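J.: Start counting the sequence shown at 1131; every next residue gets the next number (our numbering).
Ideal Cβ positions, reconstructed from N, Cα and C, are used throughout, including at glycine.
Keep in mind the model is a prediction, meaning the values are calculated, not measured.
The structure is given below, and queries will be raised subsequently.
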Amino acid sequence: MTLFKRIQADRRGVAATELALTMPVLLILIYGVMELGNALLLDRKVTSAAQSAADLVAQSKEIATADINDVFEAMDRIIAPFASGSATYVVSSVTMNPAGQVVIDWSDARGGAAPVPGDAKNIPLGLVTEGDSVIVAEAAYDFQPVFGTTLISGFTISDVAYLKPRQVPIITRTN
């Protein structure tokens, strides 16, 4: 038997060769599924944090700094087990001024700067009318992949929740 025929007939090592060829693809797939799962979980948590914050504030007649800090702490707990240091939260009350422009009545933030009261705020049309307000809760998270940014770069996951106050037309901000 010639050398070529012997090599062609020898099946030893075929499984090891196939494993060596498929293992990188399988590892990339596993990595991708893990990162996708983390991103989807974080997206759900960011949405839940924004909705919960708006709900907590909308139940109040007035809100103080301690209350806002409690809301931010609740948002941190909702975001867990993801690090709260990568999160940005903003809770605002928006009203319509006599000119028909939607403006910020008061605003508080953690992890970033709060919008300035009196500044215009873009919200969907029809949510606020003159004489009432809408609570706007925003949550954002800078997502960084667990295994580095070789294949997937980091990105921001964010959501905004809008709720009308339940007990009063406009929630007042106290210090």
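Rank 1190, 1295, 1270 and 1171 by C-alpha distance to the C-alpha of residue 1258 and give the top, closest one.
T.: Looking at the Cα atoms, 1295 is the closest of the given residues.
J.: How big is the Cα-Cα spacing for residue 1262 and residue 1195?
T.: 22 Å
J.: Buried or exposed, going by whether 16 or more other CB atoms sit within 10 Å of the CB of residue 1245?
T.: buried
J.: Just to confirm the assignment: which complete alpha helix (DSSP H) runs, minimum length 4, are found wholly within the segment 1194-1276?
T.: 1195-1209
J.: According to DSSP, is residue 1302 helix, strand or coil?
T.: strand
J.: Can you say whether residue 1188 is buried or exposed, counting buried as having 16 or more other CB atoms within 10 angstroms of its CB?
T.: It is buried - the Cβ of residue 1188 has at least 16 other Cβ atoms within 10 Å.
J.: Pick helix, strand or coil for residue 1286, following the three-state DSSP scheme.
T.: strand
J.: Assess contact between the segment 1207-1220 and the segment 1152-1166, defined as three or more Cβ pairs (one per stretch) separated by less than 8 Å. Is contact present?
T.: no
J.: For residue 1183, which option in 1141, 1255, 1270 and 1251 has the closest C-alpha, if you only look at C-alpha atoms?
T.: 1270
J.: Quickly, what does DSSP pair residue 1192 with across the bridge? List them, please.
T.: 1302
J.: Would you mind stating whether residue 1304 and residue 1203 have Cβ atoms separated by less than 7 Å?
T.: no
J.: Considering only the alpha carbon of each residue, which of 1230, 1217, 1178 and 1302 lies closest to residue 1252?
T.: 1230
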